[in-house]
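Count along the sequence shown starting at 1, add 46, and that's the number in the working numbering.
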Amino acid sequence: MSGVVQGFTVIFIVIAVGYALGRTGVLGPDAQQVLSRLVFFVLTPALLFNSLATTDLSVIFSPTLVIAGGSALLIGLTYFVLARTVLHREIPEATIGALSSSYVNSANLGIPIAIFVLDDASFVAPLLLFQIMIYSPLALTALDLTALRGGKGRITLRDTVVAPLTNPIVLGGVAGLILSVANVTLPHAVLEPISMLGDASVPGALLAFGLSLTGVTVLRKGESPRRDVALASVLKMVVQPLLVFALAYFVFDERGHSLFAQVVIAALPTAQNVLVYASRYQRGVVLARDTALVTTVASIPAIALIALLLA
Numbered sequence: 047m048s049g050v051v052q053g054f055t056v057i058f059i060v061i062a063v064g065y066a067l068g069r070t071g072v073l074g075p076d077a078q079q080v081l082s083r084l085v086f087f088v089l090t091p092a093l094l095f096n097s098l099a100t101t102d103l104s105v106i107f108s109p110t111l112v113i114a115g116g117s118a119l120l121i122g123l124t125y126f127v128l129a130r131t132v133l134h135r136e137i138p139e140a141t142i143g144a145l146s147s148s149y150v151n152s153a154n155l156g157i158p159i160a161i162f163v164l165d166d167a168s169f170v171a172p173l174l175l176f177q178i179m180i181y182s183p184l185a186l187t188a189l190d191l192t193a194l195r196g197g198k199g200r201i202t203l204r205d206t207v208v209a210p211l212t213n214p215i216v217l218g219g220v221a222g223l224i225l226s227v228a229n230v231t232l233p234h235a236v237l238e239p240i241s242m243l244g245d246a247s248v249p250g251a252l253l254a255f256g257l258s259l260t261g262v263t264v265l266r267k268g269e270s271p272r273r274d275v276a277l278a279s280v281l282k283m284v285v286q287p288l289l290v291f292a293l294a295y296f297v298f299d300e301r302g303h304s305l306f307a308q309v310v311i312a313a314l315p316t317a318q319n320v321l322v323y324a325s326r327y328q329r330g331v332v333l334a335r336d337t338a339l340v341t342t343v344a345s346i347p348a349i350a351l352i353a354l355l356l357a
């Protein structure tokens, strides 16, 4: 339990620093947008490249990859369908909502929780790979093809092929994976600056999240899409952990610490990366911000309950 508290304390302190910077105006009125773009175009690609280029893929390709990845896709697809058919949202907002309901905070919160609570950071690695190499490219391609076009215009085969190839996050992940598969190690002088930039991705995303809270009221009536936030939060914090439990227990026969780890990972909140994506495309920004905050607060008692029942 102390690991849960420690992991969340780290997150909230950095978010609070970002909020304080926004309140004082030290970084100027466009700080959140500029920092989000820095995280999107430079820091996160560097993090993904360095992570995958230096990771043993044999650790990643495990049942956790299927359980975590399959559940995330199912939850995201569920939100997307409900958003389009029931809430009548456009594709960019439905895509951001799908990410908000299923994209796990596996880096800046998942790694500390894995270390302090699960005593094994390898539980997070498969989910990181899935989100980097499959989930993010799918969502970002959908946003590239719709949000940047304003949701209008005919989408051609060339658009579909080119969109992921021009996205810096996808390119960083693919390049790192290629080096890992080819067992190529870059010189230290090349890898070290990339690693330094990547290390700034997590605090950068958290600071951008804190900046986004400046001067706003979360779930404010008339501003926040409350039904969308509620749907995404329930899917993320209730349905996804239950789905992962069912898959791990009944399909993959997971028991003990392994089962506990799978469910804890599923109960992690929405990643701040979703807000970075939303800010980049200027679609669903309030939805991403409010869902990230609601799920971050809700995940504390959720993980405590899971620890009580399964640890």
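Where a beta carbon is used, it is the ideal one built from N, C-alpha and C, also for glycine.
Model, not experiment: these values are computed from the prediction.
Through-space distance from residue j to residue i, alpha-carbon basis
i	j	result
residue 132	residue 330	17 Å
residue 58	residue 85	19 Å
residue 218	residue 99	10 Å
residue 269	residue 152	29 Å
residue 90	residue 254	13 Å
residue 70	residue 104	47 Å
residue 355	residue 231	43 Å
residue 275	residue 228	42 Å
residue 360	residue 303	Coverage of the chain is limited to positions 47 through 357, which leaves residue 360 absent and any answer about it impossible.
residue 199	residue 305	Low per-residue confidence applies at residue 199: pLDDT is 46, beneath 50, and the placement is therefore not dependable enough to give any value.
residue 78	residue 140	23 Å
residue 82	residue 287	29 Å
residue 171	residue 353	21 Å
As assigned by DSSP and simplified to three states, the class of residue i
i	result
residue 316	strand
residue 230	coil
residue 85	helix
residue 170	coil
residue 132	coil
residue 17	Because the chain here runs from 47 to 357, residue 17 falls outside it and cannot be looked at.
residue 72	coil
residue 246	coil
residue 326	helix
residue 164	coil
residue 117	helix
residue 256	helix
Among the options, nearest to residue i - alpha-carbon criterion
i	options	result
residue 333	273, 303, 151, 115	273
residue 179	146, 107, 241	107
residue 233	89, 96, 278, 56	96
residue 277	353, 341, 298	341
residue 226	80, 102, 88	102
residue 338	174, 245, 144	144
Enclosing alpha helix (DSSP H) for residue i [first to last residue]
i	result
residue 190	182-192
residue 96	90-99
residue 273	272-280
residue 336	331-356
residue 296	First-last for residue 296: undefined, no H or E at that position.
Closer than 8 Å is the cut-off here; do at least three beta carbon pairs connect the region 290-298 with the region 317-332? Short answer: they don't touch.
Answer yes if the region 66-73 comes into contact with the region 250-265, meaning at least three C-beta pairs across the two stretches below 8 Å, and no otherwise. Result yes; three or more Cβ-Cβ pairs closer than 8 Å.
Using 8 Å as the cut-off, can you tell me whether the region 120-128 makes contact with the region 235-252, which would need three or more C-beta pairs spanning the two stretches below that distance? No contact exists between the region 120-128 and the region 235-252.
Inspect the CB distances between the region 344-351 and the region 138-149 and report whether three or more fall short of 8 Å. They do not touch, by the three-pair rule.
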